[in-house]
Ligand SMILES: C[S@@+](CC[C@H](N)C(=O)[O-])C[C@H]1O[C@@H](n2cnc3c(N)ncnc32)[C@H](O)[C@@H]1O
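Residue numbers (the numbering used here): 63 to 490.
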């Protein structure tokens, strides 16, 4: 008996143009994955894509649900909107109209803050329509910069992966490119959660936020010359005393050019900024008007660094999770156009204080932090490890004072030491 005829025979043929390399790779892949033919493999990829789209819901399907936020306040360069920024990125703004999205979304924190964080597990689902909207409004040469802190899983000393998953989702599912990850080190961060850090002593202080710098193409406009840093003392020494060109053990050829004085040094992707501002114009305005200041503000230096490096004067910066509108204030002071959007009207009421009686961005900038190399303090191995990994709480919640360190290593006075410069130096 012959094979029964399919009610939907595959008679339609699509020609796909490929390079010989692409074809060879695809053929190798379908065989490795066990598909019977290239057609079967392509149908599988397409079905997977459709399935993913329908399970997460395309923004365009629910576009009707988004309402445009209302304009709350404006300046000559920018505007604050109150409402859901999904309406802004899917309806109000024109496609490709934004040069930089600089933002700090609500984090998937275990301990919820008063501005309402989404649970870590739900986070990616929640973020998808924003990702689609960001892609829509961002200019092809523009950048998307997301400051996002990590979080702990509830009840165990284990970290959530949600912020890494967010990064992977943005690149894999929405086609963003990771230009470079940055790490914001907040030297003033308190040692939390106290249970793991101070009581059971099985984890260390979590003092960095990740900052994902993404873009729609691998070539967004950028220049590190806009964010050069002062030279280190070691480099100043070399510049003064000269450097002999030679091949480093690592194989790097350090040429004579290395000892040429330029404007400054290229900074690392570690941004050291203490988040300690407590008596600026914003706080004074909030106090005067009986407004609760935003509980999770980022320091102005963060948006300043990315705005300087990634935009020109006159470009447009968007912060879709504006909070107290730090991004708008910095953009305004740097001569960029800006748009800030925030759900909570109270936060915008406070943000108004940032745009009244402006006289510069203020504040000491050239702050230098020093950090010890790990293991700078010599502690003997007599200090016992927690054999159960901290699963049993010590009977005495407050640990006895630690034994005095046996030796303090002679500090060699390297470049990382806090050397009094003409600038303010903060040793930690
Ligand atoms: C981490 S805070 C941003 C703080 C801000 N960078 C600052 O320095 O003041 C995140 C903010 O996003 C706001 N938010 C959450 N969902 C939003 C949405 N759909 N549209 C607009 N704002 C939203 C929250 O109300 C919260 O104020």
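Cβ atoms here follow ideal geometry from the backbone N, Cα and C, with glycine treated the same way.
I want to check one thing, is the minimum distance from the CB of residue 166 to the heavy atoms of ligand 1 below 7 angstroms? yes
What are the boundary residues of the beta strand (DSSP E) that residue 431 is part of? 429-432
Excluding the 5 residues preceding and the 5 following residue 241 in the sequence, name in chain order all residues of the same chain whose CB lies nearer than 6 angstroms to its CB. 275, 277
Under three-state DSSP, which class holds residue 101? helix
Tell me the DSSP secondary structure of residue 109 in three-state form. helix
Would you call residue 152 buried or exposed, if buried means 16 or more other Cβ atoms sit within 10 Å of its Cβ? buried
Closer than 7 angstroms by C-beta to residue 463: which residues in its own chain qualify, once you throw out the five before and the five after it? Chain order, please. No answer about residue 463 holds up, because its pLDDT of 45 lies below 50 and its placement is not dependable.
Considering Cα atoms alone, identify which of 138, 192, 222, 209 is closest to residue 236. 192
Specify whether the segment 345-362 and the segment 184-191 touch according to this definition: at least 3 beta carbon pairs, one from each stretch, less than 8 angstroms apart. no
Using 8 angstroms as the cut-off, can you tell me whether the segment 341-352 makes contact with the segment 257-266, which would need three or more C-beta pairs spanning the two stretches below that distance? no
Close beta carbons around residue 291, own chain, < 7 angstroms, minus the five adjacent residues each side: 326, 327, 329
Helix, strand or coil, according to DSSP, for residue 230 in the structure here? helix
Looking at the structure shown, is residue 284 part of a helix, part of a strand, or coil, going by DSSP? coil
Supposed contact pair residue 386 and residue 428 - C-beta distance, whole angstroms, cut 8 angstroms: Not really, about 25 angstroms apart at Cβ, beyond 8 angstroms.
Per DSSP, what are the beta-bridge partners of residue 327 in this structure? 291
Residue 225 Cβ short of 7 angstroms to ligand 1 heavy atom set: no
Per DSSP, which one or two residues make a beta bridge with residue 495? This structure cannot speak to residue 495, because the chain is shown only from 63 to 490.
For residue 82, report the span of its alpha helix (DSSP H) as first-last. 82-94
Boundaries of the alpha helix (DSSP H) in which residue 198 is found, first to last residue: 185-199
Give me the Cβ distance between residue 239 and residue 279, rounded to the nearest whole Å; I'm assuming they're in contact under 8 angstroms. 7 angstroms
Determine which residues share a DSSP beta bridge with residue 272 and list them. 210, 245
Under the three-state DSSP convention, the category residue 461 falls into: Residue confidence is low: residue 461 scores 49 on pLDDT, short of 50, so the model does not pin down where it sits. No coordinate-derived value is stated.
Quickly, what does DSSP pair residue 142 with across the bridge? List them, please. 135, 402
Could you tell me the distance, in whole angstroms, from the CA atom of residue 381 to the CA atom of residue 74? 47 angstroms
In terms of residue numbering, what span does the beta strand (DSSP E) encompassing residue 334 cover? 332-334
Measuring alpha carbon to alpha carbon, tell me which of 272, 260, 149, 451 ends up nearest residue 166. 272
Cα-Cα separation between residue 90 and residue 311, rounded to whole angstroms: 40 angstroms
Give the range of the alpha helix (DSSP H) segment to which residue 369 is assigned. 363-372
Give me the Cβ distance between residue 390 and residue 231, rounded to the nearest whole Å; I'm assuming they're in contact under 8 angstroms. That belief does not hold up - the Cβ atoms of residue 390 and residue 231 are roughly 27 angstroms apart, past 8 angstroms.
Hey, would you say the C-beta of residue 358 is under 7 angstroms away from at least one heavy atom of ligand 1? yes
Are there any heavy atoms of ligand 1 lying less than 7 angstroms away from the beta-carbon of residue 354, as far as the coordinates show? no
Closer than 7 angstroms: residue 146 CB and nearest ligand 1 heavy atom: yes
Can you find the residues in the same chain that come closer than 7 angstroms, C-beta to C-beta, to residue 373, ignoring five residues on each side of it along the sequence? 161, 162, 379, 398
When the distance is taken between beta carbons, is residue 207 closer than 8 angstroms to residue 245? no
Tell me the DSSP secondary structure of residue 221 in three-state form. strand
Can you say whether residue 281 is buried or exposed, counting buried as having 16 or more other CB atoms within 10 angstroms of its CB? exposed
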